[in-house]
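Some notes on the structure that comes next.
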Amino acid sequence: MSTLSVRVWRGAEQGAFQTFDVPRHASQTVLDVVTHIQRHLDASLAYRFACRVGMCGSCAMTVNGVARWTCRTHVDAVAKDGAIELAPLGNLPLIRDLVADMSLFFDKWARARGQFHGTRSRHDEFASITPDSPARREVDAGIECIGCGVCYASCDLVSWNPDYLGPAALNRAWTLVRDARDVAGAERLRAVGGDAGCHACHTQMGCTEHCPKRLSPTAGIAGLKRALARAVLDGSL
Numbered sequence: 161m162s163t164l165s166v167r168v169w170r171g172a173e174q175g176a177f178q179t180f181d182v183p184r185h186a187s188q189t190v191l192d193v194v195t196h197i198q199r200h201l202d203a204s205l206a207y208r209f210a211c212r213v214g215m216c217g218s219c220a221m222t223v224n225g226v227a228r229w230t231c232r233t234h235v236d237a238v239a240k241d242g243a244i245e246l247a248p249l250g251n252l253p254l255i256r257d258l259v260a261d262m263s264l265f266f267d268k269w270a271r272a273r274g275q276f277h278g279t280r281s282r283h284d285e286f287a288s289i290t291p292d293s294p295a296r297r298e299v300d301a302g303i304e305c306i307g308c309g310v311c312y313a314s315c316d317l318v319s320w321n322p323d324y325l326g327p328a329a330l331n332r333a334w335t336l337v338r339d340a341r342d343v344a345g346a347e348r349l350r351a352v353g354g355d356a357g358c359h360a361c362h363t364q365m366g367c368t369e370h371c372p373k374r375l376s377p378t379a380g381i382a383g384l385k386r387a388l389a390r391a392v393l394d395g396s397l
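Residue numbers (our numbering): 161 to 397.
What follows is the structure, given as structure tokens:
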């Protein structure tokens, strides 16, 4: 049986890589590799996973320098000369080993006013939006974001400007700006219009290139720029 040489980040910010030899199997995913290390070689290894089938995004890590879902990444696709390197997601504080602290990511989601604000209660009839409405179709893809953080970890602007809200938070804001049931549109546009908001985006497309769900946060950010311009011109901001 052949083996795979796996360099894994251990410790906190001042840690170091540790190398493990892992048996190589057909159709093996990177998450399978990490699980083997934790269960058979070093039980102290810290990492996250839940669904194992590409639905939750919690297993996202940096594989050979690229942020990926490890449950959907096959070893055969990324191994170089029988070796891979695993690290936590970038642009986020590190807790330990392969576990990044997602608090900052979700704090920015909140700063972008990523919460829905409606007017109806559970006693009212359901508010509905027809699937073919132009506003709904504009955000068809964007609402599929599951907040895995891969786009955030892949964004160069976040690396340069830690205050930047990031593609996931701005994508979420865009889906709500185009939601006819939401009543916090003006407040949300103000929240994403500052120096750390949508206008800071350089449209380098890193978030779109690396999104595991093949979404385009870049398109949502462009939509926010247009919405802000319209709001300023019509005097609503």
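Glycine included, each C-beta is placed from N, C-alpha and C at the ideal position.
- Task: Can you check the region 217–282 for any alpha helix (DSSP H) of at least 4 residues that lies completely inside it and give the ranges in chain order?
- Result: 235–238 and 263–271
- Taking C-beta to C-beta, are residue 352 and residue 345 nearer than 8 Å? Counting from 1 along the sequence shown, the entry for residue 352 is found at position 192. Counting from 1 along the sequence shown, the entry for residue 345 is found at position 185. Cβ atoms of residue 352 and residue 345: not closer than 8 Å.
- Task: Quick one: residues in its chain with C-beta nearer than 6 Å to the C-beta of residue 167, no 5 flanking neighbours on either side, listed in chain order?
- Result: What you label residue 167 is simply residue 7 of the sequence shown in a count that begins at 1. These residues qualify, in order along the chain: 177, 179 and 245.
- Task: Count the other CB atoms, across all protein chains shown, that sit within 10 Å of the CB of residue 395; report buried if there are 16 or more and exposed otherwise.
- Result: Within the sequence shown, the letter at position 235 stands for residue 395. It counts as exposed.
- Message: On a Cα-Cα basis, can you pick out the residue from 343, 222 and 269 that is closest to residue 287?
- Response: Mapped onto the sequence shown, residue 287 falls at position 127. Out of 343, 222 and 269, 343 has the C-alpha closest to the C-alpha of residue 287.
- Item | alpha helix (DSSP H) segment containing residue 388, residue limits | The residue labelled residue 388 in the question sits at position 228 within the sequence shown. 377–393 is the extent of the alpha helix (DSSP H) around residue 388.
- Return the CA-CA distance between residue 383 and residue 185, expressed in angstroms with no decimal places. Numbered from its first residue, the sequence shown carries residue 383 at position 223. Numbered from its first residue, the sequence shown carries residue 185 at position 25. C-alpha separation (whole angstroms): 45 Å.
- Is the distance from the Cβ of residue 357 to the Cβ of residue 328 below 8 Å? Counted from its first residue, the sequence shown places residue 357 at position 197. Counted from its first residue, the sequence shown places residue 328 at position 168. It is not a contact, given that the beta carbons lie outside the stated cut-off.
- Item | Close Cβ partners of residue 317 (< 7 Å) along its chain, the five nearest in sequence each way excluded | Counted from its first residue, the sequence shown places residue 317 at position 157. Annotation for residue 317: 324, 360, 361 and 362 place their beta carbon closer than 7 Å to its own, counting only its chain and skipping 5 residues before and after.
- Which residues in the same chain as residue 181 place their Cβ atom closer than 8 Å to its Cβ, once the five residues preceding and following it in sequence are excluded? Start at 1 with the first residue of the sequence shown, and residue 181 comes out as number 21. Around residue 181: 163, 164, 165 and 166.
- Task: Give the C-beta separation of residue 388 and residue 349 to the nearest angstrom, bearing in mind that I take them to be a contact with Cβ-Cβ under 8 Å.
- Result: Here residue 388 refers to the residue found at position 228 of the sequence shown. Here residue 349 refers to the residue found at position 189 of the sequence shown. Their Cβ separation, rounded to whole angstroms, is 5 Å, which keeps residue 388 and residue 349 in contact under 8 Å.
- Message: For residue 247, which residues in the same chain have their Cβ closer than 6 Å to its Cβ, ignoring the five residues on either side in sequence?
- Response: To locate residue 247, count along the sequence shown from 1; it is residue 87. Excluding sequence neighbours, residue 247 sits near 169 and 222.
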